[in-house]
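> These protein sequence lines are chains A and B, in that order. Positions in the first sequence are counted from 1; adding 2 to them yields my numbering. Positions in the second sequence are counted from 1; adding 2 to them yields my numbering.
There are 2 protein chains.
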Amino acid sequence: MKGMYFIDKGLVKVHKKWGLDKELILRIARNGDIVGHRGLGGDLIYPVSGTALEPTDVCFVDLEFFNSTLKVNQELLFALMMFFAAELKESEKRMRNLAHMPVKGRIANALLFLKNKFGVTSDAAINLLLSRQDLASYTGTTYETLFRIMNELAEENAISMTGKSIVILSEDILLGHTKDN
Amino acid sequence: MKGMYFIDKGLVKVHKKWGLDKELILRIARNGDIVGHRGLGGDLIYPVSGTALEPTDVCFVDLEFFNSTLKVNQELLFALMMFFAAELKESEKRMRNLAHMPVKGRIANALLFLKNKFGVTSDAAINLLLSRQDLASYTGTTYETLFRIMNELAEENAISMTGKSIVILSEDILLGHTKDN
DNA sequence: CGCGCAGTTGATCTTCGTCAAAATGTGTGG
DNA sequence: CCACACATTTTGACGAAGATCAACTGCGCG
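(1) With a threshold of 16 other CB atoms inside 10 Å of the CB of residue 220 of chain B, please say whether the residue is buried or exposed.
(2) Quick check on residue 83 of chain A - is its C-beta less than 8 Å from some C-beta in chain B?
(3) According to the Cβ coordinates, are residue 21 of chain A and residue 182 of chain B closer than 8 Å?
(4) Give, in chain order, every residue of the region 87 to 101 of chain B whose Cβ lies closer than 8 Å to some Cβ of chain A.
(5) Closest to residue 61 of chain A by CA distance: which of A:96, A:9, A:83, A:79 is it?
(6) Would you list the residues sitting across from residue 6 of chain B in a DSSP beta bridge?
(7) Going along chain B in order, which residues have a C-beta closer than 8 Å to the C-beta of residue 135 of chain A?
(8) Residues of chain A with CB under 7 Å from residue 48 of chain B, in chain order?
(9) Within the chosen definition, does the region 71 to 90 of chain B reach the region 70 to 89 of chain A through at least 3 CB pairs nearer than 8 Å?
(10) According to DSSP, is residue 169 of chain B part of a helix, a strand, or is it coil?
(11) Let me confirm a value: residue 107 of chain A is counted as buried when at least 16 other C-beta atoms fall within 10 Å, else exposed. Which label applies?
(12) Who are the Cβ neighbours of residue 136 of chain B in its own chain at under 7 Å, not counting the five residues just before and after it?
(13) For residue 94 of chain B, count neighbouring Cβ atoms within 10 angstroms of its own Cβ and tell me buried if that reaches 16, exposed if not.
(14) As an exercise, report each continuous beta strand (DSSP E) stretch of at least 3 residues that is fully enclosed by the region 11 to 39 of chain B, in chain order.
(15) What alpha helix (DSSP H) runs, 4 residues minimum, are completely inside the region 76 to 152 of chain A?
(16) Determine which residues of the region 10 to 42 of chain A have a Cβ less than 7 Å from any Cβ of chain B, and write them out in chain order.
(17) Check residue 156 of chain A in the structure and name its three-state DSSP category.
(18) Should residue 54 of chain B be listed as close to the ligand ZN, given that the test is whether its C-beta is under 7 Å from any heavy atom?
(19) Can you tell me the Cα-Cα spacing of residue 38 of chain B and residue 63 of chain B, whole angstroms?
(20) As a quick exercise: from A:70, A:71, A:176, pick the residue whose alpha carbon is nearest that of residue 117 of chain A.
(21) For residue 142 of chain B and chain A, any beta-carbon pair shorter than 8 Å?
(22) With 8 Å as the C-beta to C-beta threshold (strictly closer), list the residues of the region 54 to 86 of chain A near chain B in chain order.
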């Protein structure tokens with residue numbers, strides 16, 4: 003059955019495997035976002051996986067129903083268009099980062115982005131539901147490399163780590179790593 | 003003035019610089035496509051450059067006008083939504099390739115993609131308007147590396163090169179390089 | 001106490017980027 | 001038509017970033 007999922011509550015990572023042990027997290031979707039919209043395109047299916055990072059409620063929407071709803075709901079259609087446009091922008095940013103930015107920069111970038119988008123608490127703690135493995139997958143690197151870089155960042159007093167939690171101490175230092183030339 | 007460009011005729015590469023001498027070609031747009039739509043998002047501007055690869059006619063559309071047109075033109079809005087969805091899908095594919103696929107695979111991929119999308123002639127020749135430098139930028143590698151890989155591909159009889167033109171001899175061999183695991 | 005597993009560190013190896021030189025092409029003026 | 005300057009393409013050597021592999025640590029848990 004073709005269709006897509008609206009996320010009602012929760013957090014879902016959308017990822018795509020490569021080979022046996024490599025994956026890239028394409029994006030992290032939360033409530034209000036859409037997952038599985040690729041069925042829209044119509045042409046070849048491009049399978050991606052979605053994994054809930056916390057107890058999550060999703061709502062499956064049949065493609066037929068979706069399309070007919072769009073026809074009468076201008077608002078929804080517009081919102082959807084904007085959603086895709088924003089996702090595309092974000093995706094293109096990350097594409098360039100993957101192409102030319104060194105790992106350290108990509109990690110710094112990711113921390114800032116995740117903090118900004120998902121940091122619920124007022125302090126700088128990123129109470130991510132992402133594991134270290136997920137962080138590595140998100141930045142397109144390996145588990146081991148992620149550690150080393152995180153340690154470097156900790157030594158620079160850009161972040162601090164106690165157990166699972168990561169706290170950003172200095173956004174400026176992180177930003178410094180994301181600068182080009 | 004805010005707005006965007008519709009490409010009426012021609013070919014435009016959309017690229018983004020990194021540092022002094024690095025760039026990534028985000029996508030290649032042709033007639034019917036839209037360039038500069040990032041103004042839509044509303045939030046921070048993310049500047050990208052567009053360069054015409056051949057004599058190109060574009061049509062500037064004021065954002066105000068565009069928005070008001072969308073309100074009354076359901077068809078256009080829907081088409082736009084689909085356009086973004088398709089671009090996003092493509093972008094996410096390339097993102098994963100950049101993250102995990104070796105250069106050779108990315109180049110093979112790019113050749114197949116470009117042939118498929120822009121190969122006008124019936125034979126396998128890709129009469130690209132892209133220079134070698136552009137190809138390198140598109141695959142996120144350097145000029146020199148691109149050469150070496152292209153030579154390897156030629157030695158494998160996957161492609162042949164005479165002067166500027168590139169001919170795909172075997173899609174299968176190219177496909178082989180794009181396989182994971 | 002021993003087993004297993006995530007976290008951590010160390011050592012090596014590969015890929016690819018970088019820099020520089022050589023080869024080849026291209027234009028220009030005599 | 002040739003000689004020279006200059007740009008582009010091609011090849012070579014080297015080095016750095018990061019992946020890979022393997023060992024070691026702590027730590028929970030039966």
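Glycine residues also receive a C-beta, built at the ideal position from the N, C-alpha and C atoms.
This is what the structure gives:
(1) Residue 220 of chain B cannot be examined here, being either before or after the span of chain B that is shown, 3 to 183.
(2) Stepping through the first sequence from its first residue, residue 83 of chain A is reached at position 81. Interface residue, yes.
(3) Position 19 of the first sequence holds residue 21 of chain A. Position 180 of the second sequence holds residue 182 of chain B. Result yes, Cβ atoms of residue 21 of chain A and residue 182 of chain B sit closer than 8 Å.
(4) 87, 88, 89, 90, 91, 93, 94, 95, 96, 97, 98, 100, 101
(5) Here the question's residue 61 of chain A lines up with position 59 in the first sequence. Nearest of A:96, A:9, A:83, A:79 to residue 61 of chain A, Cα basis: A:9.
(6) Along the second sequence, one-based indexing puts residue 6 of chain B at 4. Bridge partners of residue 6 of chain B: B:63.
(7) Translated into positions along the first sequence, residue 135 of chain A becomes position 133. Per Cβ cutoff of 8 Å: no residues; residue 135 of chain A is ~15 Å from chain B at best.
(8) Within the second sequence, the letter at position 46 stands for residue 48 of chain B. Within chain A, the residues near residue 48 of chain B are 91, 95.
(9) yes
(10) Along the second sequence, one-based indexing puts residue 169 of chain B at 167. Residue 169 of chain B falls in the strand class under three-state DSSP.
(11) Against the first sequence, residue 107 of chain A aligns to sequence position 105. Residue 107 of chain A comes out buried.
(12) In the second sequence, the residue the question calls residue 136 of chain B occupies position 134. Correct list, in chain order: 15, 27.
(13) Along the second sequence, read from residue 1 onward, the residue named residue 94 of chain B stands at position 92. Its Cβ being crowded by 16 or more others within 10 Å, residue 94 of chain B is buried.
(14) 13 to 20, 24 to 32
(15) 76 to 102, 105 to 120, 134 to 141
(16) 18, 20, 21, 22, 24, 26, 28, 39, 40, 42
(17) Counted from its first residue, the first sequence places residue 156 of chain A at position 154. If DSSP states are grouped into helix, strand and coil, residue 156 of chain A belongs with the helices.
(18) The ligand ZN is absent from the structure shown, which contains no ligands of any kind.
(19) Residue numbering aside, residue 38 of chain B sits at position 36 when the second sequence is read from its first letter. Residue numbering aside, residue 63 of chain B sits at position 61 when the second sequence is read from its first letter. Computed Cα separation, rounded: 10 Å.
(20) The residue you call residue 117 of chain A lines up with position 115 of the first sequence. Minimum Cα distance to residue 117 of chain A is reached at A:176.
(21) Here residue 142 of chain B refers to the residue found at position 140 when the second sequence is read from its first residue. So, interface residue.
(22) 72, 73, 76, 79, 80, 82, 83, 84, 86
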